[in-house]
Amino acid sequence: MIWEFNHCRSGRMHRWGLPMSSSTIGEFVYAPLSTQAKLGVVWEFCEREDTSKLKQVLEHKPARPLNPEILDFVNFTAKYNCTLQGLVLRMVLRSHKALETSPDVTLYKPKGDRPPGLSAARKRVLCLKDIWPARAGEIAKAASVSTSVLRTMAKAGLLKQFSAPLDPPFGRPNPDHDGR
C-alpha cells in the first residue's frame, strides 16, 4: 500500500510505501526526505502498482493520531486561503516535542511503617501531609532534610520508590463536577 504524507515544513504532499494495516490516517510519522527525517502526518491511502521506488517510513510516533475533523479543517483552511496543506498543518502542530513521550521521574511515598526510634529528620519526612507521592527535592524542601535522607529511608523500607511519567495524561473530564 501507499500512503500520502503531508510534510509540515515544505507543505507538499509526498508518497511513501507502507502496509496499510500498520498505519492509520492522521498518524504522526518520521519519513526520509532528502538527507533528513521529517515529521509528517499520514493523510490518505491509495493503490499503486509499482512500489519499488518508494521509500519506507522510519518511525511511528507513539501519540494519538489527528482526528478526521482536524484533517478536514486543515484541508478547508488550505483551500480557503489558497495555501499548501502542510503549511496549515504546521500551524496546527507548532511543537513536535509535544509528541514525545513524557520522561519518567522517581517519586516517593510512605509505606506506612513507623518503627520506634526514628531520627528527627525521618520523623519530619513521615509527618508530611498532602504531598505524597512527590519527587525527592520537593519532599526534602518541605521536611528540611537532604535527599540522601530519603534515599536511605527508601533503602530501609520506610518509603516506597517508584517511577512515573513527569506529565501524566489528563483524567477523564467529569461534566457533573460542581467546580468547587
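Quick note: to get my numbering, add 598 to the position in the sequence shown (first position is 1). No residue lacks a Cβ here, since even glycine has one placed at the ideal position from N, Cα and C. Everything numeric in this text was worked out from a predicted model, so none of it was measured.
In this structure, the CA atom of Asp702 is about 10 Å from the CA atom of Pro766. In the pairwise beta carbon analysis, the segment 700 to 717 is classified as touching the segment 755 to 765: at least three pairs are separated by under 8 Å. Where Ser746 is concerned, the enclosing alpha helix (DSSP H) starts and stops at 745 to 754.
Classified as buried, Ala629 has 16 or more neighbouring CB atoms from the shown chains inside 10 Å of its CB. In the DSSP assignment, Glu642 falls within the beta strand (DSSP E) that extends over 634 to 644. In the three-state DSSP reduction, His658 falls in the strand class (E or B). Gln683 and Phe626 have their C-alpha atoms some 15 Å from each other. The beta carbon of Asn665 sits closer than 8 Å to those of Gly624, all from its chain and outside the five residues before and after it, given in chain order.
Spanning the alpha carbons of Glu642 and Ala696 requires a straight line of approximately 23 Å. Three or more beta-carbon pairs separated by less than 8 Å are not found between the segment 666 to 683 and the segment 722 to 738, which leaves the two stretches without contact.
In terms of Cβ geometry, Trp614 and Val672 do not form a close pair [threshold 8 Å]. Shown here for Ile729: same chain residues with a beta carbon closer than 8 Å to its own, the five before and five after excluded, namely Glu736, Ile737, Ala740 in chain order. Only exposed fits Gly715, as fewer than 16 other CB atoms lie within 10 angstroms of its CB. DSSP, read as helix, strand or coil, puts Lys721 in helix.
Annotation: the continuous beta strand (DSSP E) that includes Asp702 extends over 702 to 708.
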